[in-house]
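I have placed the structure first, in the form of structure tokens, so that the comments after it can refer back to it.
Numbering (this note's numbering), first residue to last: 383 to 620.
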């Protein structure tokens with residue numbers, strides 16, 4: 383049996399001949415990477431309580447998205463901010479605040495950011511104001527340095543080639559998290575829980591480079607952690 387990986391969908395309006403319809407969506411890249419790593423992804427609309435899905439999932443993937451509300455860390459909104467739909471933002475926040483401690487979580491881009499903010503951290507709202515350039519957007523392929531001794535270093539080694547599609551990034555690191563990766567300009571590119579809990583967030587988009595060895599290693603490790611939880615829960619029921 384494959385471990386089941388929950389993924390909260392986005393929400394969007396799309397125009398049709400008879401008028402706009404609201405749809406849920408997840409970019410297929412994420413699903414393909416989970417499948418290739420041996421997991422079974424399922425998409426969850428952010429419309430019910432996250433706890434209603436906990437028994438269905440062995441792990442949770444928080445995908446990319448738009449921006450978080452800066453009010454969460456007490457700042458006025460930057461004019462370049464485009465906020466994610468509140469239904470999804472609130473769902474993912476409630477999810478992270480109430481997940482069972484043994485549930486492995488992988489956050490990508492928006493996912494990494496909300497993992498940090500939920501722990502009391504903050505974000506740079508518009509990274510070009512901080513680093514003086516806009517090269518983190520548009521799919522730029524960057525060489526990212528992994529901090530030695532971190533969980534990510536054990537999975538991918540010293541560096542990764544990561545594609546970036548973000549204009550925000552971690553500023554103040556959340557409580558109980560450690561920095562795992564940096565870009566050349568100092569931008570924080572990864573965070574992880576400092577305990578035995580498997581909570582890992584990466585700022586780049588590994589799903590956009592599915593043939594890369596580091597991408598495959600990251601998703602395999604995530605799915606293997608979900609599989610271990612699945613098997614442990616089975617044994618507990620015997």
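Don't be surprised by glycine CBs; every beta carbon is placed ideally from N, CA and C.
At what residues does the beta strand (DSSP E) containing residue 450 begin and finish? Neither: residue 450 is in no beta strand (DSSP E) and is coded neither H nor E.
Mapping the DSSP letters down to three states, classify residue 384 as helix, strand or coil. coil
Range covered by the beta strand (DSSP E) that runs through residue 485: Neither: residue 485 is in no beta strand (DSSP E) and is coded neither H nor E.
My assumption, with CB atoms under 8 angstroms, is that residue 588 sits in contact with residue 490. Please give the rounded CB distance. Taking a contact as a CB-CB distance under 8 angstroms, the pair residue 588 and residue 490 counts as one, their CB atoms being some 7 angstroms apart.
Quick check on residue 518: buried or exposed, where buried means 16 or more other Cβ atoms within 10 Å of its Cβ? Classification for residue 518: buried.
Would you say residue 572 and residue 555 are within 9 angstroms of each other, going by their C-beta atoms? no
Mind reading off the beta-carbon distance from residue 441 to residue 533? Whole number of angstroms is fine, and I expect it under 8 angstroms. Contact doesn't hold; Cβ gap of about 15 angstroms is too wide.
Can you name the residues that DSSP bridges to residue 406? Residue 406 is bridged to 393.
In this structure, how does DSSP classify residue 419 when only helix, strand and coil are distinguished? coil
Is it right to say residue 504 is buried, meaning 16 or more other beta carbons lie within 10 angstroms of its own, or is it exposed? buried
Pull up the distance between the alpha-carbon of residue 582 and that of residue 399, whole angstroms please. 42 angstroms
Residue range of the unbroken beta strand (DSSP E) whose run includes residue 543: It spans 541 to 546 - the beta strand (DSSP E) in which residue 543 sits, taken as one unbroken run.
How should residue 394 be labelled, buried or exposed, when 16 other C-beta atoms within 10 angstroms of its C-beta is the threshold for buried? exposed
From the DSSP output, read off the bridge partner residues of residue 496. DSSP lists no partner for residue 496.
Confirm, please, whether the CB-CB distance from residue 492 to residue 521 is below 9 angstroms. no
Who are the Cβ neighbours of residue 568 in its own chain at under 8 angstroms, not counting the five residues just before and after it? 513
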